[in-house]
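Asker:
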Amino acid sequence: MDAFFASVELLRYPQLKGLPVVIGGGRRRVDEMVRARYADQPLSAIPPEAFPLLKDYTGRGVITTATYPARQFGVGSAMGMMKAAKLCPQAIVLPVDFDEVRRYSRTFKGVIREIAPLVEDRGIDEVYIDFTEVPGGQREGGRVLARLIQKSILEATGLTCSIGVAPNKLIAKMASEFDKPNGISIVHEADLQKRIWPLAVRKINGIGPKAEAKLHQLHVFTIGELAAQDPEWLMDNFGRSTGAWMHAVAWGRDDRPVVMESEPVSMSRETTFERDLHAVRDRAELGSIFTDLCVRVAGDLRRKGYVGKTIGIKLRYDDFRIATRDQTVEHFTDDARTIRQVAGQCLKRVPLDRKLRLLGVRVSKLARAGETEAADIPPSAHRVEEYTPDLFQAG
DNA sequence: TCTGGGGTCCTAGGACCC
DNA sequence: TCTGGGGTCCTAGGACCC
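Residue numbers for the first sequence follow UniProt numbering, beginning at 1 and rising by one.
Shown next as structure tokens:
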């Protein structure tokens, strides 16, 4: 989907079309005051001047999505809000409305499944679609079907998307970026040299900043240059597995199937504080945040029908280093008190001398709630004799 | 007052078992 | 009295993705 989070907001506020708008920032519903002020009018009647601007924003968030006009100023996803404010102070800021975005996500995915049932979820705004068995899926190299999907999504939601059609997921993903927004790109096997090899190695899904930096050090910049390397040399530099994978993807080889179903591996909640907190001095505040995270993870587990066996915490210190601790317990659980207690034990094993910026709680080793042995589901109160209070806990 | 939140997958060492 | 080779599970960290 094109600039998904931002495009969803523009459906509500069409008067902002063509203006630089960024979505993100976090907890404050900055647009609520604006809405309240114009409560007697439809949302689309609120004048653009009434919206909050990036230059007035304070806080630690990052940008989730920027509209294309905002991107012209160099503002983009994952950029800190304060940095973005310097590049484009006049951009309008709106918070993420997750419920709304999820609704549109379900809708567009539903539209696609009606047309081509073999769909793999890749997060909230992206999917892989297998055209192979879809009637007409091969016409014009897939362009006809891609056009139908674009048109149907637009009719159902008012949103545009970009589609790449290729012999495998790796190339299709790259192709989808060729003609954004609202584009279709068809890449055939024979186009590898001409259309893929000139691209930067970073365009490969799976090569991130670290691998890119190392490849640059080794004087490899484009996918074509990567393809030209001896596989043994790549394996010597990146390990057997990564090296072999790099060589394969540079040659456009990818045989991963499109998979429809997958079970979740973990569920977590985390939060970055508005200011860094100290384990001792801000104990009470941390304690209530910690408990709240546990309650929310437990709620997620229950709502989705899962129980988990490994409970863990994540800390981010003020210097941005991350520490994690986890502990596997005897019984599967979705109980907030149990999660809180075990997470509290994890907390005792981690250094707390620095200020904290983020705290997270994670439950993994999941199973469907109905499918664990009855003996594995304990009474929801944990065993009292095992209970010892942790640092964030009174008593 | 740079730098979110929710995920997956991989690696690597140690415990433990046969 | 100098020592195997599998295998699985647990834990911590890190790269990467949307």
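Each residue gets a CB set at the ideal place from its N, CA and C atoms; glycine is no exception.
1. Pop quiz: G344 and D390 are said to be a contact at Cβ under 8 Å. What is the actual Cβ separation, rounded to whole angstroms?
2. Return the residue from the list A45, D230 and V8 that minimises the CA-CA distance to D97.
3. Taking the C-alpha atoms as reference points, what is the distance between A3 and K17?
4. Using a Cβ-Cβ cut-off of 6 Å (strictly less than) and excluding sequence neighbours within five positions of T328, which residues of its own chain qualify?
5. Name the residue from M1, K355, E212 and R35 whose alpha carbon lies nearest to the alpha carbon of L315.
6. Between N205 and the rest of its own chain, which residues show a CB-CB distance below 6 Å, the 5 nearest in sequence each way excluded?
7. According to DSSP, T272 sits in a beta bridge with which residue or residues?
8. Tell me where the beta strand (DSSP E) around H247 begins and ends.
9. Comparing C-alpha positions only, which one of L118, R296, F332 and V295 sits nearest to V307?
10. So, M267 versus V201, is the Cβ gap smaller than 8 Å?
11. Count the other C-beta atoms from every protein chain shown that fall within 10 angstroms of the C-beta of M1, then say buried if there are 16 or more, exposed otherwise.
12. Pick helix, strand or coil for R325, following the three-state DSSP scheme.
13. Rounded to whole angstroms, what's the CA-CA distance from S44 to F178? Just pull it up for me.
14. List the DSSP bridge partners of L366.
15. Using a Cβ-Cβ cutoff of less than 6 Å, which residues in the same chain neighbour G110 once the five nearest sequence positions on both sides are dropped?
16. Need the endpoints of the alpha helix (DSSP H) that A70 sits in, please.
17. Quick one: Cα of residue 402 to Cα of L218, how far?
18. Grab me the residues of M260's own chain with a C-beta within less than 7 Å of its C-beta, minus the 5 sequence neighbours each way, in chain order.
19. For the beta strand (DSSP E) holding L10, just list the boundary residues, first then last.
20. Return helix, strand or coil for R35, following the three-state DSSP convention.
21. Are the beta-carbon atoms of D334 and A367 separated by less than 8 Å?
22. From this set, V93, E155, L352 and D255, which residue's C-alpha is nearest residue 396's C-alpha?
23. Taking the CB atoms as reference points, tell me whether G24 and T64 lie closer together than 8 Å.
24. Let me check one thing: in DSSP terms, what residues is L53 bridge-paired to?
25. Is Q90 near L145, with beta carbons less than 8 Å apart?
26. Buried or exposed for Y13, please, with buried defined as at least 16 other CB atoms from any protein chain shown within 10 angstroms of its CB.
27. Would you list the one or two residues that DSSP bridges to M267?
Answerer: Working from what's here:
1. Within the first sequence, the letter at position 344 stands for residue 344. Within the first sequence, the letter at position 390 stands for residue 390. At roughly 3 Å, the Cβ-Cβ gap stays under 8 Å, so G344 and D390 are in contact.
2. On the first sequence, position 97 is the one that residue 97 refers to. Measuring from the Cα of D97, the nearest candidate turns out to be V8.
3. Counted from its first residue, the first sequence places residue 3 at position 3. Counted from its first residue, the first sequence places residue 17 at position 17. The straight-line gap from Cα to Cα measures roughly 12 Å.
4. Start at 1 with the first residue of the first sequence, and residue 328 comes out as number 328. K309 and T310.
5. Along the first sequence, read from residue 1 onward, the residue named residue 315 stands at position 315. Of the candidates M1, K355, E212 and R35, the one whose C-alpha sits nearest the C-alpha of L315 is K355.
6. For this step, residue 205 is matched to residue 205 along the first sequence. K173.
7. Reading the first sequence from its first residue, position 272 is the one you call residue 272. Paired residues: L358.
8. Here residue 247 refers to the residue found at position 247 when the first sequence is read from its first residue. Element bounds for H247: not the beta strand (DSSP E) but the alpha helix (DSSP H), R240 to A250.
9. Taking the first residue of the first sequence as 1, we reach residue 307 at position 307. Considering only alpha carbons, the answer is F332.
10. In the first sequence, the residue the question calls residue 267 occupies position 267. In the first sequence, the residue the question calls residue 201 occupies position 201. Between M267 and V201, the C-beta spacing is not below 8 Å.
11. Within the first sequence, residue 1 is the residue found at index 1, counting from 1. Looking at its Cβ environment, which holds 16 or more other Cβ atoms inside 10 Å, M1 is buried.
12. One-based indexing of the first sequence puts residue 325 at position 325. Correct three-state label for R325: strand.
13. Within the first sequence, residue 44 is the residue found at index 44, counting from 1. Within the first sequence, residue 178 is the residue found at index 178, counting from 1. Taking C-alpha positions only, S44 is separated from F178 by approximately 33 Å.
14. Locating residue 366 in the first sequence gives position 366, where the first residue counts as 1. Per DSSP, G308.
15. Residue numbering aside, residue 110 sits at position 110 when the first sequence is read from its first letter. Excluding sequence neighbours, G110 sits near nothing in its chain.
16. By one-based count along the first sequence, residue 70 stands at place 70. Element bounds for A70: Y68 to R71.
17. The chain is shown from 1 up to 395; residue 402 falls before or after that span and cannot be answered.
18. Mapped onto the first sequence, residue 260 falls at position 260. The answer, listed in chain order, is L118, V119 and E120.
19. What you label residue 10 is simply residue 10 of the first sequence in a count that begins at 1. L10 -> not in any beta strand (DSSP E); alpha helix (DSSP H) instead, spanning F4 to R12.
20. Position 35 of the first sequence, counted from the first residue, corresponds to residue 35. R35 carries a helical assignment under DSSP once its states are collapsed to helix, strand and coil.
21. On the first sequence, position 334 is the one that residue 334 refers to. On the first sequence, position 367 is the one that residue 367 refers to. Contact flag unset, no.
22. The requested residue 396 is not part of the displayed model; the chain covers only 1 to 395.
23. Stepping through the first sequence from its first residue, residue 24 is reached at position 24. Stepping through the first sequence from its first residue, residue 64 is reached at position 64. Against a cut-off of 8 Å, the Cβ pair of T64 and G24 comes out as a contact.
24. Counting from 1 along the first sequence, the entry for residue 53 is found at position 53. Paired residues: I92.
25. For this step, residue 90 is matched to residue 90 along the first sequence. For this step, residue 145 is matched to residue 145 along the first sequence. Cβ distance not < 8 Å, so Q90 and L145 don't count as in contact.
26. Translated into positions along the first sequence, residue 13 becomes position 13. So Y13 ends up on the buried side.
27. For this step, residue 267 is matched to residue 267 along the first sequence. Answer is V363.
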